[in-house]
Amino acid sequence: MIRRSWLVVLGAVAAPLAAQGVMVAPHAVFMNSRSNSGVVTLYNPNTEAAEVTIATFFGYPETDSLGGLRLHGMPTSDSAGRMVLPPAAADSGQPSAARWVQAFPRRLTVAPRERQTIRLLASPPPGLPDGEYWLRLVIAVKGGVVPVTGVADTGIKIGLTLEVRTIIGVNYRKGPVRTGVAVTRLRAAVVGDSLEVRPRLERQGNAAFIGTVRGTLVDSAGRERARFAFPIGVYYVMEPRYVAPVGVLPAGRYWLKLTVDTDREDLEPAVVLPAAVVRDSVAVRVP
Amino acid sequence: MIRSLPLLLLALGSGVAPLAAQGRPLTVSRVRDLTFGTVLPGVPRVILRTDPTNSGQFDLVGAKSNQVLLTFALPLVMTGPAPATMPLTFGGSDAGYSSTQAIGSQVAFDPNQPFLATLNKNGRGSVFIGGTAQPSTSQRAGPYTGTLALTVAYFP
Amino acid sequence: MNTASKLTLAALALTVLATAAAQAQVNNANITATATVQQPINVSTGQSLNFGNVFPGVAKTIATTDATAGRWDVTGQASTLVNLSLTLPINLQSGLNLLPIANFTGSYNTANNAAAATPFPVAGASTSLSGTGALFVWVGGQVNPASNQPAGVYTASVTLTVTY
């Protein structure tokens, strides 16, 4: 047997991969019992068609011990890389809409520069108590196989299919809903050239708190030294960790002033539940 | 019945009265708003005047076979959550006139210029209009609205 | 009559008519133009993970800082917290033949600068979009072809999941 060397080529060598993916709007869907319907728009801004599959499951955002965002109920993957949704029973005792909100269609192709609509239809069970119910929508997008260039005389080619999954929230509201947030255990420190802030945020009422966390660092003379704003959705309790650059600060005593409100420029004002503005502050010492 | 209205106006001494003697009064009515629907930041949204669901439409009723001058007052922007606005543009063939009132058989015209149209033998006609919404890449989320006015002058 | 003359006459006619309109019956009506802007999120594959030439029996690694690392581009609402996770194959497959791929690495940055990116565990990490709503994610890995790797077309998927 004659051994001959050959080459394996993984991915594109000469031809760059055309961008693949779709724009998903809105990034948070709000439904109610009056219409029992919702719409998600997909737009393909690229030059190749995108294959899209839709899935739903129960989940909500929470934070880990380090203050990072994670999703309760996050789907897993099997050994073949296929998405495995959490079992239906995982939403037991939770305000889940996953069993009675369906998405149509669940498979579609979005042509280049085209838009398609995903419709969400709710069929809530009779006697559903007033309140807000949640689910998550997975938009999985598969573009074309990566263009392959191989060595002609080996007959070997390798392609890597790239896929993206976007997970957004769907909130269904029935009857009167109210929300609010309580801020406790506010901590702040300057680490290196960054300000690190961790509040404990606990939702009030019977609906998720959708708003913005704003912080301002002021020095002893009242001058502003840093400012940040992060959108937030509090479903139960979160302790997010926020980091904002502050540069090099002189040693001294500073104050971190925190405000949590419901002003969100990225969402239609009509879908954001009003709530009282909450303020807190904590001293920050820079040695 | 329709012809009795001018007579009534004449009896009341209305300023419209001199027109009454000229026959059927001209009416222009809103049929359908111009609807851009969901718009994504940075992605222009074009509505064709032939779009049966989203194009704007006015209906005209007047004297049979009469000529009317159509003049649009078009907004440059739609206003959204204060102080956000979104540019709105109308191209040279974004308006159409149909004497048969069929959306599929229009004569295109420039909505930025006056246009002379002829009502059909029943004294009717329809005006359709499309346009382009031009959201910026940082366009603020929310509902946006603007008003398009169509003025119709009727020559007795 | 030439075209210019016709246009001139047409314009004159319209002018006369417009003047006459002042004495004509005039009516008007309004319609409303409406639109609803919705903030999107966009996750797109910006660049493939490209191993270039690979020889049998010789492992090859692409780091996230290499020019041929895979890259996704994320755009959305400014400063939004997101969770990133990668679903990775163990093997590339060609029929029944497998070609191992392992040691994946991931990093992210709010600027398109892999050298200054922050490494993250492929199982998942939390970060924020930039003040302009941008985030870039890189992936690298290692292929380990056997010395007797059969010829064929080997394929697999790498999936980035972005949770809003």
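Protein chains in written order, with numbering that gives the first Met the number 0: chain E, 0 to 286; chain H, 0 to 155; chain S, 0 to 163. The beta-carbon is built from N, C-alpha and C at its ideal position, and this holds for glycine as well. This structure is a prediction, so every number in the text was calculated from the model and none was measured.
Give a yes or no on whether the C-beta atoms belonging to S129/S and F119/S are separated by under 8 Å.
-> The residue labelled residue 129/S in the question sits at position 130 within the third sequence. The residue labelled residue 119/S in the question sits at position 120 within the third sequence. Contact flag unset, no.
Short Cβ contact (8 Å threshold) for P142/H with G95/H | The residue you call residue 142/H lines up with position 143 of the second sequence. The residue you call residue 95/H lines up with position 96 of the second sequence. Remark: C-beta atoms of P142/H and G95/H do not approach each other more closely than 8 Å.
Neighbourhood of L185/E by C-beta distance below 8 Å, restricted to the same chain and skipping five residues each side = Here residue 185/E refers to the residue found at position 186 when the first sequence is read from its first residue. Hits under 8 Å: V196, R197, P198, R199, L255, L257, D279, S280, V281.
Stretch-stretch touch, CB-based, cutoff 8 Å, three pairs: the stretch 139-151 of chain S with the stretch 87-102 of chain S | Yes, since at least three Cβ pairs between the stretch 139-151 of chain S and the stretch 87-102 of chain S fall closer than 8 Å, the two stretches touch.
Would you be able to state if there are at least three C-beta pairs under 8 Å between the stretch 47-59 of chain S and the stretch 174-184 of chain E?
-> Per the Cβ contact rule, the stretch 174-184 of chain E is not in contact with the stretch 47-59 of chain S (fewer than 3 Cβ pairs under 8 Å).
Along the chain, where does the beta strand (DSSP E) that runs through T88/H open and close?
-> Here residue 88/H refers to the residue found at position 89 when the second sequence is read from its first residue. 84-88 is the extent of the beta strand (DSSP E) around T88/H.
Kindly list the residues whose CB is nearer than 7 Å to the CB of Q93/E, restricted to its own chain and excluding five residues on each side of it in sequence; keep chain order.
-> Within the first sequence, the letter at position 94 stands for residue 93/E. For Q93/E, where only same-chain residues beyond five positions count, the Cβ hits under 7 Å are F57.
Residues in the stretch 61-95 of chain H with C-beta within 8 Å of chain E's C-beta atoms, listed in sequence order?
-> Within the stretch 61-95 of chain H, the qualifying residues are P80.
What distance in whole Å lies between the Cβ atoms of A34/S and M77/H, which are believed to be in contact at a cut-off of 8 Å?
-> Taking the first residue of the second sequence as position 1, residue 77/H is located at position 78. Taking the first residue of the third sequence as position 1, residue 34/S is located at position 35. That pair is a contact at about 6 Å.
So which residues on chain S does G130/H lean against when the C-beta distance must stay under 9 Å?
-> Stepping through the second sequence from its first residue, residue 130/H is reached at position 131. Those are A32, listed as they occur along chain S.
Would you kindly work out how many angstroms separate the C-alpha atoms of V189/E and R240/E, rounded to a whole number?
-> Looking up residue 189/E in the first sequence gives position 190. Looking up residue 240/E in the first sequence gives position 241. The C-alpha of V189/E lies about 13 Å from the C-alpha of R240/E.
Are the C-beta of F229/E and some C-beta of chain S separated by less than 8 Å?
-> Stepping through the first sequence from its first residue, residue 229/E is reached at position 230. Yes, F229/E counts as interfacial toward chain S.
Nearest residue (CA-CA) to Q24/S, options L69/H, Q133/H, F57/H = The residue given as residue 24/S occupies position 25 in the third sequence. Minimum Cα distance to Q24/S is reached at L69/H.
Should R202/E and V169/E be called a contact, given that it needs their Cβ atoms to be closer than 8 Å?
-> Translated into the one-based positions of the first sequence, residue 202/E becomes position 203. Translated into the one-based positions of the first sequence, residue 169/E becomes position 170. No, these two residues do not count as a Cβ contact at 8 Å.
Taking any Cβ of chain S, which residues in the stretch 28-61 of chain E have a Cβ under 8 Å from it, in chain order?
-> Correct list: T40, Y42, P44, N45, P60.
Sequence-distant residues of the same chain with beta carbon closer than 7 Å to T75/E, five excluded per side | Stepping through the first sequence from its first residue, residue 75/E is reached at position 76. So the qualifying residues of the chain are V83.
From this set, V27/H, R123/H, P40/H, N53/H, which residue's C-alpha is nearest G129/H's C-alpha?
-> Here residue 129/H corresponds to residue number 130 of the second sequence, with the count starting at 1. Considering only alpha carbons, the answer is N53/H.
Output the boundary residues of the beta strand (DSSP E) element that contains V57/S.
-> If you number the third sequence from 1, residue 57/S lands on position 58. Boundaries for V57/S: no beta strand (DSSP E) harbours it, and the DSSP string shows neither H nor E there.
Who are P230/E's beta bridge partners in DSSP?
-> Within the first sequence, residue 230/E is the residue found at index 231, counting from 1. T211/E, per the DSSP bridge assignment.
Shorter than 8 Å from the beta carbon of E264/E to some beta carbon of chain H?
-> Along the first sequence, read from residue 1 onward, the residue named residue 264/E stands at position 265. It does; some Cβ of chain H falls within 8 Å.
Give the range of the beta strand (DSSP E) segment to which I53/E is assigned.
-> The residue given as residue 53/E occupies position 54 in the first sequence. In the DSSP annotation of this structure, the continuous segment of the beta strand (DSSP E) that includes I53/E starts and ends at 49-56.
Note down the Cα distance separating T131/S from F154/H, rounded to an integer number of angstroms.
-> By one-based count along the third sequence, residue 131/S stands at place 132. By one-based count along the second sequence, residue 154/H stands at place 155. The straight-line gap separating the alpha-carbon atoms of T131/S and F154/H is approximately 56 Å.
Under 7 Å by beta carbon: chain H residues contacting E113/E | Mapped onto the first sequence, residue 113/E falls at position 114. Going along chain H, no residue has its Cβ under 7 Å from E113/E, so there is no contact; the nearest lies around 11 Å.
Expected contact under 8 Å - CB spacing of T31/S and D32/H to nearest Å = In the third sequence, counting from the first residue as 1, residue 31/S sits at position 32. In the second sequence, counting from the first residue as 1, residue 32/H sits at position 33. Rounded, the Cβ-Cβ distance is 5 Å, consistent with contact.
Is the CB-CB distance between S43/S and E162/E below 8 Å?
-> Position 44 of the third sequence holds residue 43/S. Position 163 of the first sequence holds residue 162/E. Going by C-beta atoms, S43/S is not nearer than 8 Å to E162/E.
At which residues does the beta strand (DSSP E) containing P118/S begin and terminate?
-> Numbered from 1 along the third sequence, position 119 holds the residue referred to as residue 118/S. Looking at the DSSP string, the run of the beta strand (DSSP E) that includes P118/S is 117-119.
Establish whether the CB of P268/E and some CB of chain H are separated by less than 8 Å.
-> Reading the first sequence from its first residue, position 269 is the one you call residue 268/E. Answer yes: the Cβ-Cβ gap between P268/E and chain H drops below 8 Å somewhere.
Would you mind telling me which residues of chain H sit closer than 7 Å to A28/S, beta carbon to beta carbon, in chain order?
-> Locating residue 28/S in the third sequence gives position 29, counting from the first residue. Chain H residues near A28/S: V27, S28, R29, F57, L149.
Which whole-angstrom value is the C-beta distance of F57/H and V27/H, which I expect to be below 8 Å?
-> As a working note, residue 57/H is residue 58 in the second sequence. As a working note, residue 27/H is residue 28 in the second sequence. The C-beta separation of F57/H from V27/H comes to about 6 Å, placing the pair in contact by the 8 Å criterion.
If you compare alpha carbons, which of V245/E, P230/E, T165/E is closest to G191/E?
-> As a working note, residue 191/E is residue 192 in the first sequence. Across the set V245/E, P230/E, T165/E, the C-alpha of V245/E shows the shortest separation from the C-alpha of G191/E.
Would you mind working out which of V161/S, A113/S, Q46/S, T79/S sits nearest R213/E, comparing C-alpha positions?
-> Taking the first residue of the first sequence as 1, we reach residue 213/E at position 214. Per the C-alpha coordinates, the member of V161/S, A113/S, Q46/S, T79/S positioned closest to R213/E is T79/S.
According to a CB-to-CB cut-off of less than 8 Å, which residues of the stretch 36-62 of chain S neighbour chain H?
-> If the cut-off is 8 Å between Cβ atoms, the stretch 36-62 of chain S has V36, Q37, Q38, P39 near chain H.
Taking Cβ-Cβ distances below 9 Å as the criterion, which residues of the stretch 122-146 of chain S are in contact with chain H?
-> Those would be T131, G132, in chain order.
How about S98/H and T117/H: do their beta carbons lie closer than 8 Å?
-> As a position in the second sequence, residue 98/H is number 99, starting the count at 1. As a position in the second sequence, residue 117/H is number 118, starting the count at 1. In this structure, the beta-carbon distance from S98/H to T117/H falls below 8 Å.
Work out the CA separation of A275/E and A97/E for me, nearest whole Å.
-> Within the first sequence, residue 97/E is the residue found at index 98, counting from 1. Within the first sequence, residue 275/E is the residue found at index 276, counting from 1. Answer to the nearest angstrom: the Cα atoms are 30 Å apart.
Segments of 3+ residues assigned as beta strand (DSSP E) that fall wholly inside the stretch 21-79 of chain H = Listed in chain order, the complete beta strand (DSSP E) runs (minimum 3 residues) inside the stretch 21-79 of chain H are 26-31, 33-38, 44-46, 55-60, 66-72, 76-78.
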